[in-house]
Structure formats: C-alpha cells, structure tokens
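So the protein sequences, as listed, match chains A and B. Here the numbering used here is used: the first residue of the first sequence is 31, the next is one more, and so on. Here the numbering used here is used: the first residue of the second sequence is 30, the next is one more, and so on. Structure first, then comments.
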Amino acid sequence: MGVGSALPEHVVTNDMLSGFLDTSDEWITTRTGIKERRVVTTETLAELSATAAKRALAMAGIEAAQLSYILCATTSADYAIPSLACQVQQMLGASCPAMDVNAACTGFLYALDMADALFARDPNARVLVIGAEAMSRLVEWNDRSTAVLFGDGAGALVLGPGSDLKSMLVTAAGDPDPLYARHANGNSPYAVKRERAPLRMDGHAVYRFAVPTIVRDVSAAIARAGMTEDDIDAVLLHQANLRIVDAAAQRLNIPRDKFKTNIQSRGNTSAASIPILMDELQREGHLPQGSVLALAAFGGGLTTGACVLAWGVS
Amino acid sequence: MASFEKVAQIIAEHRDIPQDNIKPETSFQELGLDSLDTVELVMSVEEAFGITIEMTGDLKTVQDVVNVIDAA
C-alpha cells in the first residue's frame, strides 16, 4: 500500500575511510561496488524509522491509529529494551502491538513472513513492516575488511488486505562463525569473559554461501508463485556486495538490468537494504503498479529468505 | 581431460582470455583475479569436478588448484 525510507544526513565516502584505515577507494569499489554510505551522527534509529514509516503511511493514505501491528526488522536498535517497534509506535501515535524481529540481514524477509501470518489470522489487517539498522554501532571501525561495508538507514512498507504476495520462503542454518556481531556485554561481576572481536565476517564463506543460496531461493520462490523467470520485472537482492549481485545475476536466467542496486551510495544496511531500495525505486518511477518483484536476502544466522510479490502502492 | 586443462578452460572462459596464456605456474594475481574472483573460480571448479575445496591462503597459482583437485 505504501513505502518510505529515511537516511542519516552524514555521507562517508571511501576517501574519508582511507583517511584512517589502510584501504583505498579503488580497493573498496572493485571488491564491493560501494562508493559511499550514510552513517548516523545525531539521529536515533527510532527517528529514522518513524520518518520512513510516516512516508509509507502517507503514501498508503492511512493513519497510524489504523495499524494492526508494527514489525521492525533490526539488529542495531537504540535500546535492548524497549524494542525499536515500540519506540516507533510511540512516535507515530499508534496503539497496536509492536515488536522487533532479528534475522540479521534477512530480517526484512522474515518480518514479511510474519506479516503474512498476521494476514492469515485477520485478512483485513494493516501491518507496518520496517527494516532499520545503525550498523555503524556494531562495526569494528579499526577492521578495514568489514568497516568499509556497512551503512545506516531505515525503510518501511505498509501492507494491507489483498493477494499481492505470491510466494514466500525463509530458511535458517544456525552457525555464528561466518558472520557475527557481538552483543553489548554489560558489567555483570559474574560473567566470565570470552573475548571475540566485536564484528567479524568471513567474506569468502559468506560469498560462497550467498551466491548459490540466492539462485536456489529466487528460483524456488518463482516456482512456488507458479511463474517463470520471464514473469519477473525486477529483482531486489539484499545489498551486501555488488559482486554477489553480479554473480547471482549471471546464474539466473533474468537480464542483469532487472537486478536493482543502490549499494553504491548506501553500503550494506543489513535488514534495511531491501525496503530502502524499494522506496528509492518507487520514487524514481522504476516500479510501475503491478510490477512483479522477486526479493531475496541472506545474512547472519545463517538465514535466507525470498519472495515474489506484485507491487501495488497507492 | 587432465585436471590442468579443465581448470585452464574454466579460467579462460571466466576471464575471457586465450587458454594458451594459462600455464600451471601462472598466478591468479598475474591473471588479474582478486580474492573474490578466486572464490568464484573455486566454486566453478567444485561444480565441474564434483568436489568440495577448502579455501585457504595457499591457493595462489593454477597448479595449487590442480593439486587440490588431484588430491580429492
């Protein structure tokens, strides 16, 4: 029904990073496709999420009071308690239940899956699904192999009654080693310290996991929707690395120009990447009403998700 | 087909270069392959040979990959 997004003001270019990390614009660009990313300074994640949500509600033409549920996909909320969803609920003046979903970079797909379940219970529901991350809080800024990858931002989608969701699948295969970000440790006097780096990613392992998984999940989501690759108008993959998008595109029988990207200017915004991309495409006029979209994400967990939907905003 | 010829063929197709340019001692760096290209190559080799290759820093030349295949 409606889509919206919000980004922090502060732009961090590759050249700015090479000022304090042993890296370069050329290295980052060729290996990731990223030129710049947005990073929070004074903004809270709740403010960005609420702004994205207000834009989505305005497009949908409904009031916050009409919402049945708020789901926030995030791993980097302002607080451990309360949830980001409850902060957003307050800022919007909504009164419905609200909670966060953590499935790392796949969080937005998981939240859509939960929303689908809510519609099974109440076909007339109106669900606000947000993907929001301040990855800059989790990143180890001295680690050039990961610090260059991530960005911050929020995207929101308002879902209403209908049958636009054509298929949905999510998976999990528990294994923290390829990709993890440590939780805040607190100061319990009883805790026995187990030192691990704040955030670590085995880029090669993630690449080897991600590329075949995207191909498998997108193909399965298209088949479950009773469609073929020719029916897909646009593919919105989690924006983790342009090389992963290119490798997946090569293996799927869908033209490369249907694979939409904004990682060049947004970086990897984890659970927020797909809804931000959706909003930017919508506002640039690239998603005509009724377009058939394939979405797919992968991330820590390891988790994956994919769906096919018909784009219907008003 | 010997492992080397098959690997050389995969690299030649992937990089769009003549297969004759690829010798066993050719390094991935000489071929302009960065680390993610090497991952791509390993994935293609796994598929072609039906094997699983452990990624270590030791894969630097075409022969290194051939050795792993022949040991599998």
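We put the beta carbon where it would ideally sit given N, CA and C, even for glycine.
Quick check on DSSP: helix, strand or coil for residue i?
{"i": "Cys102(A)", "result": "strand"}
{"i": "Asn298(A)", "result": "strand"}
{"i": "Ala94(A)", "result": "helix"}
{"i": "Phe180(A)", "result": "strand"}
{"i": "Tyr140(A)", "result": "helix"}
{"i": "Val222(A)", "result": "coil"}
{"i": "Leu158(A)", "result": "strand"}
{"i": "Ser56(B)", "result": "strand"}
{"i": "Asp309(A)", "result": "helix"}
{"i": "Thr43(A)", "result": "strand"}
{"i": "Val70(A)", "result": "coil"}
{"i": "Leu332(A)", "result": "coil"}
{"i": "Ser113(A)", "result": "coil"}
{"i": "Lys84(A)", "result": "helix"}
Starting from the beta carbon of residue i, find every residue of chain A whose beta carbon is closer than 7 Å, and list them in chain order.
{"i": "Leu117(B)", "result": "Limits of chain B in this structure are 30 at one end and 101 at the other, which puts residue 117(B) out of reach."}
Mind pulling the chain A residues with CB within less than 9 Å of residue i?
{"i": "Glu69(B)", "result": "Tyr237, Val241, Arg273, Ala277"}
Cβ closer than 8 Å: which chain B residues qualify as neighbours of residue i?
{"i": "His234(A)", "result": "Ser64, Leu65, Val68, Met84"}
Check whether the Cβ of residue i lies closer than 8 Å to any Cβ atom in chain D.
{"i": "Ala150(A)", "result": "The chain labelled as chain D is not found among the protein chains of the depicted structure, namely A and B."}
Which residues does DSSP pair with residue i in a beta bridge?
{"i": "Cys337(A)", "result": "Met198(A), Leu325(A)"}
{"i": "Lys290(A)", "result": "Leu266(A)"}
{"i": "Met231(A)", "result": "Leu209(A)"}
{"i": "Ala186(A)", "result": "Gly34(A), Ile160(A)"}
{"i": "Asp130(A)", "result": "Cys102(A)"}
{"i": "Arg44(B)", "result": "For Arg44(B), which the question treats as bridged, DSSP gives no partner whatsoever."}
{"i": "Cys135(A)", "result": "Ala133(A)"}
{"i": "Thr90(B)", "result": "Ser56(B)"}
Do residue i and residue j have their C-beta atoms within less than 8 Å of each other?
{"i": "Phe57(B)", "j": "Thr67(B)", "result": "yes"}
{"i": "Ser113(A)", "j": "Met129(A)", "result": "yes"}
{"i": "Ala264(A)", "j": "Leu323(A)", "result": "yes"}
{"i": "Ala211(A)", "j": "Leu47(A)", "result": "no"}
{"i": "Ala186(A)", "j": "Ala86(A)", "result": "yes"}
{"i": "Ala202(A)", "j": "Thr333(A)", "result": "yes"}
{"i": "Ala103(A)", "j": "Gly137(A)", "result": "yes"}
{"i": "Arg313(A)", "j": "Ile306(A)", "result": "no"}
{"i": "Arg273(A)", "j": "Gly63(A)", "result": "yes"}
{"i": "Ala36(A)", "j": "Gly181(A)", "result": "no"}
{"i": "Thr44(A)", "j": "Thr60(A)", "result": "A quick correction: the sequence has Asn, not Thr, at residue 44(A). Not in contact: Asn44(A) and Thr60(A) (Cβ atoms no closer than 8 Å)."}
Please determine whether the Cβ atom of residue i lies at a distance below 7 Å from any heavy atom of the ligand NAP.
{"i": "Glu66(A)", "result": "The ligand content of the structure shown is nil, which means the ligand NAP is not present either."}
- Query: Would the region 224-234 of chain A and the region 278-288 of chain A be scored as touching if the rule is three or more Cβ pairs under 8 Å?
  - Reply: The region 224-234 of chain A makes no contact with the region 278-288 of chain A: fewer than 3 CB pairs, one atom from each, lie closer than 8 Å.
- Task: Say whether the region 67-81 of chain A touches the region 268-280 of chain A, bearing in mind that this needs 3 or more beta-carbon pairs closer than 8 Å, one atom from each stretch.
- Result: Segments in contact, no.
- Query: Would you say the region 94-110 of chain A touches the region 135-146 of chain A, given that touching needs at least three Cβ pairs under 8 Å?
  - Reply: In this structure the region 94-110 of chain A lies against the region 135-146 of chain A, because at least three pairs of beta carbons, one per stretch, are closer than 8 Å.
- Message: Three or more C-beta pairs under 8 Å: does that hold for the region 186-198 of chain A against the region 254-262 of chain A?
- Response: Contact between the region 186-198 of chain A and the region 254-262 of chain A is present, because at least three Cβ pairs lie under 8 Å.
- Query: With a cut-off of 8 Å, do at least 3 Cβ pairs link the region 290-303 of chain A to the region 158-167 of chain A?
  - Reply: Here the region 290-303 of chain A lies against the region 158-167 of chain A, with 3 or more beta-carbon pairs under 8 Å apart.
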